[in-house]
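Asker:
Chains as they are written, first to last, in our numbering: chain A, 1 to 185; chain B, 186 to 370; chain C, 371 to 555; chain D, 556 to 740.
1) Please tell me whether residue 508 of chain C has its Cβ less than 9 Å away from any Cβ of chain D.
2) Counting pairs of beta carbons, one from the segment 199–213 of chain B and one from the segment 354–363 of chain B, are three or more of them closer than 8 Å?
3) Alpha carbon to alpha carbon, how far is residue 28 of chain A from residue 273 of chain B?
4) Helix, strand or coil, according to DSSP, for residue 65 of chain A in the structure here?
5) Rounded to the nearest angstrom, how far is the Cβ of residue 277 of chain B from that of residue 245 of chain B, given a contact under 8 Å?
6) Could you confirm whether any beta carbon from chain D is found closer than 9 Å to the beta carbon of residue 344 of chain B?
7) The alpha helix (DSSP H) that contains residue 515 of chain C, what's its start and end?
8) Could you check whether the segment 683–695 of chain D touches the segment 289–303 of chain B, counting it as contact only if at least three pairs of C-beta atoms, one from each stretch, sit closer than 8 Å?
9) For a test of the three-state rule: what should DSSP assign to residue 234 of chain B, helix, strand or coil?
10) Give the straight-line distance between the Cα atoms of residue 585 of chain D and residue 619 of chain D, rounded to the nearest whole angstrom.
11) Would you report the Cα separation of residue 667 of chain D and residue 645 of chain D, rounded to the nearest angstrom?
12) Looking at chain C, which residues of the segment 352–367 of chain B have a Cβ within less than 8 Å of any of its Cβ atoms?
13) Nearest to residue 609 of chain D by alpha carbon, out of D:634, D:593 and D:738?
14) Measure from the C-beta of residue 132 of chain A to each C-beta in chain D and report whether the shortest distance is under 9 Å.
15) Following the continuous beta strand (DSSP E) through residue 111 of chain A, name the residue where it begins and the one where it ends.
16) Drop a sphere of 10 angstroms on the beta-carbon of residue 592 of chain D, count the other beta-carbons inside from all chains shown, and report buried for 16 or more, exposed for fewer.
17) Cutting at 6 Å between CB atoms, please list the residues of its own chain near residue 468 of chain C, excluding the five before and the five after it.
18) Out of curiosity, what's the CA-to-CA distance linking residue 311 of chain B and residue 332 of chain B?
19) When every heavy atom of the ligand GDP is checked, does at least one fall within less than 8 Å of the C-beta of residue 23 of chain A?
20) Please report how far the alpha carbon of residue 539 of chain C lies from the alpha carbon of residue 639 of chain D, in whole angstroms.
21) Which whole-angstrom value describes the C-beta separation of residue 156 of chain A and residue 23 of chain A, a residue pair presumed to lie in contact below a C-beta threshold of 8 Å?
22) Can you list, in chain order, the residues of its chain whose CB lies under 7 Å from that of residue 452 of chain C, leaving out five sequence neighbours each side?
23) Quick check: residue 172 of chain A and residue 402 of chain C, are their CB atoms within less than 9 Å of each other?
24) Hey, quick one: how far does the alpha helix (DSSP H) through residue 395 of chain C stretch, first residue to last?
25) Check residue 262 of chain B in the structure and name its three-state DSSP category.
26) Excluding the 5 residues flanking residue 191 of chain B on each side, which residues of the same chain have their C-beta closer than 6 Å to its C-beta?
27) How would you call residue 149 of chain A, buried or exposed, if buried means at least 16 neighbouring beta carbons within 10 angstroms?
28) Who does residue 406 of chain C pair with in a DSSP beta bridge?
29) For chain C, is any of its Cβ atoms less than 9 Å away from the one on residue 598 of chain D?
30) Write down the C-beta distance between residue 165 of chain A and residue 124 of chain A rounded to the nearest angstrom, noting that I regard them as a contact closer than 8 Å.
31) Please state whether the Cβ-Cβ distance between residue 313 of chain B and residue 365 of chain B is less than 9 Å.
32) To the nearest angstrom, how far is the alpha carbon of residue 623 of chain D from that of residue 617 of chain D?
33) Short check: CB of residue 117 of chain A to CB of residue 94 of chain A, under 9 Å?
34) Answer with yes or no whether the minimum CB distance from residue 271 of chain B to chain D is below 9 Å.
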C-alpha cells in the first residue's frame with residue numbers, strides 16, 4: 001500500500017517497500033493473531049489486517065499522538081480487525097490473547113524483555129523486526145545468540161526517483177535491517 | 186513467500202524481497218486479471234494468484250524449461266487460477282482476456298511493443314516492471330516519456346546475511362529497478 | 371579529504387566517499403592536466419591538485435556563488451595549481467591547454483558537446499563522470515555507444531551513522547553513478 | 556588503482572572502490588608509518604605506499620599464500636617502502652616501529668587486543684577498519700564504546716555494470732562497513 005494513503009502527521013512510518021517486505025516475511029495466514037509493537041501510524045497493522053479475513057492485529061503504541069493517528073487510519077480504511085492497545089511493551093502485552101505473529105518496529109530499548117515475553121507466550125511465534133540503529137541490531141543478535149535461534153537478516157536499501165524538470169534524481173532512503181525468525185513452517 | 190518454496194531449476198527468479206515489493210505495487214484486488222510477462226518459474230503469478238480469490242494470473246513464458254517449472258510450481262501450490270500461456274509477448278497476449286494488471290519481469294528486448302499492447306487493451310491497466318539492465322530502464326523511460334506517463338521508479342538493493350561459523354556476513358544481491366504506473370487510484 | 375574541511379555555502383558538493391572513488395578512478399599522474407567541469411565548491415580540483423606536484427587542475431564553473439567558494443577554498447588550502455575558469459562548458463574549454471584528464475560533476479544538459487570537445491582535444495583523455503539523474507546517465511551511455519567506447523559504470527550507495535543518544539542510526543545518502551573511460555593504460 | 560593491476564590468486568582483496576575510500580579516510584601524510592593488518596594481497600599497503608614518498612607501510616599477514624602474493628605485487632609495482640611482516644597480530648606488531656596509521660582489513664577474531672595494542676603504541680594513531688561480518692562490527696563498536704571513542708561509520712554498497720550483449724547489468728558487490736577514528740586533526 002502506498003505511503004500517501006495513510007494519515008501520518010509527524011509520526012515516523014515504515015516506508016512502503018520495507019512494509020511490503022516485512023509483512024510478506026511475517027507469513028500471515030487468514031486467521032493470525034498479530035502484535036504490532038510500536039505501531040506508529042498503524043500502517044503495518046492495517047495493511048496486515050486487510051489481508052486477514054478472520055485474523056486480528058493488535059496495534060501496540062504508547063505515544064498519544066501516534067495513537068490518535070492509528071484511530072484515524074483505522075477509520076479511513078474501515079478496518080474492524082485492528083485493536084489499538086495503549087501502553088508500553090512488554091507490560092501491556094501480558095493480558096492480550098496469545099499471538100501467532102509479531103512485528104516489532106520500535107521498542108525504545110527494551111528489545112530483550114519484549115522478545116522474551118513473545119517467545120514465552122508462544123514458542124512457535126513468527127517474529128519480524130525492523131531495525132534502524134546498529135545498537136538495536138546488536139541487541140537483537142545478542143538475544144538470538146543466547147536463545148540459539150537462527151534468523152534471516154536482510155539489509156534493505158531503497159532509493160526513489162524524484163522528478164526535477166526533465167530529470168529523475170534518485171534519492172536514498174535510510175537503510176533498514178529486517179530480521180525474521182520462528183514460525184512452524 | 187520464501188524463495189526456497191518454489192521449484193527453480195536454472196531459471197532466474199525474482200528474489201523474495203523484490204517480489205514482495207512488486208506484488209504490493211501491483212495493488213491487486215480480489216478479482217484482478219494479471220498478465221505475468223516473462224513468468225520464469227511462475228513465482229510472481231503464484232504468489233499473486235494466492236492473494237486473489239476470484240482473480241486470474243496469466244503466466245506468459247516462451248522457454249520450455251521455464252514452462253515446465255511453472256506447471257510444477259502450480260501443482261505444488263495447488264493454484265487453480267494461474268493459466269500458463271506459452272509463446273512470446275506481445276503476440277501471445279492478443280487473444281487473452283483484457284488485463285487489469287501486468288507484471289513485466291523479462292521481455293527480451295520488445296519492451297515498447299509489449300507496453301503499447303497492454304495500454305491498448307486497457308488504458309487503465311496498472312503495470313509494474315522489474316528492470317535489471319540499464320538499457321531496459323532506458324527503454325521503459327523513453328516509452329513513458331513518449332506517452333507522457335509519470336511513473337514511480339524505485340531502486341532496490343538487498344543484502345542478506347550468510348552464516349560462516351560464528352559470523353554473519355552480508356552478501357549483496359544484484360540491484361533491481363521497480364517501475365510502477367497506471368491504475369485508476 | 372573530509373567534507374567539513376571545505377567551505378561549502380549552499381553549493382552542492384560531491385561527498386567525501388564518492389570524491390575519493392572518482393579521484394582514484396581518474397588515475398592522475400604527477401603532472402596531469404585536469405579539467406574539473408562543473409567544479410562546484412572546487413573540492414575535486416583541490417583534492418586532485420594536492421596530489422599532483424607538477425600538475426594543474428582547471429576548475430570550470432559558471433555560477434558566481436560557486437566561483438567565490440572555489441577561491442575561498444583555494445586560499446584555505448593554499449593550492450597554487452588550481453586555476454579557476456569562469457564560464458560555461460564546452461565554450462569556455464576551447465582556449466584552455468590540452469587536458470590529460472577530466473572530471474564531470476555537472477553539465478547542465480550539454481553532456482554530448484562537452485564530451486565531444488574533450489575527446490577532440492585529446493583522444494587519449496581519461497574521463498570520470500558523476501551522474502545523479504537517470505536521464506544524464508542515458509545521455510552518457512548514448513554518447514558512449516555512438517563512439518563505441520566501453521566504460522566502467524559503478525553505482526555507489528553510501529550510508530553514514532548519525533549519533534542519537536546511545537544509538538547509531540544509518541542515514542542513506544543519495545546514490546551516484548560513477549562512469550570512467552579512456553586513458554592510455 | 557584498478558583491481559586487475561594486482562596479482563590476486565585466491566586471496567580475498569579489498570575492492571577498488573572500498574580501497575579508495577579507506578585510504579582516503581586514513582589521511583596519510585608523506586611520511587606516515589602505516590600498519591596494514593591482515594594485508595591479504597597487499598593492495599592497500601602498495602596503494603598507500605605509492606602515495607607516501609618518505610613513509611613506510613608494514614604489510615602484516617599470517618597466511619603463506621597471501622605473503623607470496625604480497626611479495627609478487629611489491630615486485631610488480633617496484634615499491635621499496637612496503638615491508639612484509641609475517642605473523643599474527645597483535646603479537647607480531649610488538650617489535651615494529653611506532654605507527655601513525657593503521658588499516659585493519661582482517662583480524663581473525665582478536666579485534667580487541669589488536670586495537671588495544673595500536674592505541675597503546677600511539678594514542679594519536681588514526682585507524683580505518685573494514686568490516687564485513689555483523690559480529691566484527693559489534694566487536695569494533697563495543698571496543699569504541701569502552702574507550703569512549705566516537706568513530707565515523709560508513710556503509711558502502713557498490714554495484715558494477717557487467718556487459719551482456721547490448722546490455723549493462725548491474726551486479727551487486729558485498730557491502731562493507733568502513734569505520735574510522737583517531738588522528739590529531
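Ideal placement from N, C-alpha and C gives every residue a C-beta, glycine not left out.
Answerer: This is what the structure gives:
1) Answer no: the Cβ-Cβ gap between residue 508 of chain C and chain D never drops below 9 Å.
2) Segment contact: the segment 199–213 of chain B against the segment 354–363 of chain B, three or more CB-CB distances shorter than 8 Å; contact assigned.
3) Each residue's alpha carbon lies about 35 Å from the other.
4) Reduced to three states, the DSSP call for residue 65 of chain A is helix.
5) Right, the Cβ-Cβ distance comes to about 6 Å (below 8 Å), so this counts as a contact.
6) A Cβ of chain D is located within less than 9 Å of the beta carbon of residue 344 of chain B.
7) Element bounds for residue 515 of chain C: 504–516.
8) The answer is no - the segment 289–303 of chain B does not touch the segment 683–695 of chain D, with fewer than three Cβ pairs under 8 Å.
9) The DSSP-derived three-state label of residue 234 of chain B is helix.
10) Each residue's Cα considered, the two are about 30 Å apart.
11) Their backbone Cα atoms lie some 9 Å apart in a straight line.
12) So the close ones are 360.
13) Nearest in C-alpha terms to residue 609 of chain D, of all of D:634, D:593 and D:738, is D:634.
14) Interface criterion not met: the Cβ of residue 132 of chain A is under 9 Å from no Cβ in chain D.
15) Run containing residue 111 of chain A: none in the beta strand (DSSP E); it sits in the alpha helix (DSSP H), 111–121.
16) Answer is buried; the Cβ neighbour count reaches 16.
17) The answer, listed in chain order, is 491 and 492.
18) In a straight line, the C-alpha of residue 311 of chain B is about 15 Å away from that of residue 332 of chain B.
19) Absence of the ligand GDP is noted for the structure shown, with no ligands found whatsoever.
20) When rounded, the distance between both Cα atoms is 38 Å.
21) That belief does not hold up - the Cβ atoms of residue 156 of chain A and residue 23 of chain A are roughly 13 Å apart, past 8 Å.
22) Excluding sequence neighbours, residue 452 of chain C sits near 412, 415, 416, 419, 427, 429 and 444.
23) Cβ distance not < 9 Å, so residue 172 of chain A and residue 402 of chain C don't count as in contact.
24) Per DSSP, residue 395 of chain C is one residue of the alpha helix (DSSP H) stretching across 386–396.
25) Taken through DSSP and simplified to helix, strand or coil, residue 262 of chain B comes out as helix.
26) Result list for residue 191 of chain B: 226, 228 and 258, in chain order.
27) Exposure of residue 149 of chain A is indicated by the presence of fewer than 16 other C-beta atoms within 10 angstroms of its C-beta.
28) Its beta-bridge partners are C:429 and C:473.
29) Taking Cβ atoms only, chain C never reaches closer than 9 Å to residue 598 of chain D, which makes this a no.
30) A Cβ-Cβ separation of about 54 Å leaves residue 165 of chain A out of contact with residue 124 of chain A under the 8 Å criterion.
31) It is a contact, given that the beta carbons lie within the stated cut-off.
32) About 11 Å.
33) Contact flag set, yes.
34) Not one chain D Cβ lies under 9 Å of residue 271 of chain B.
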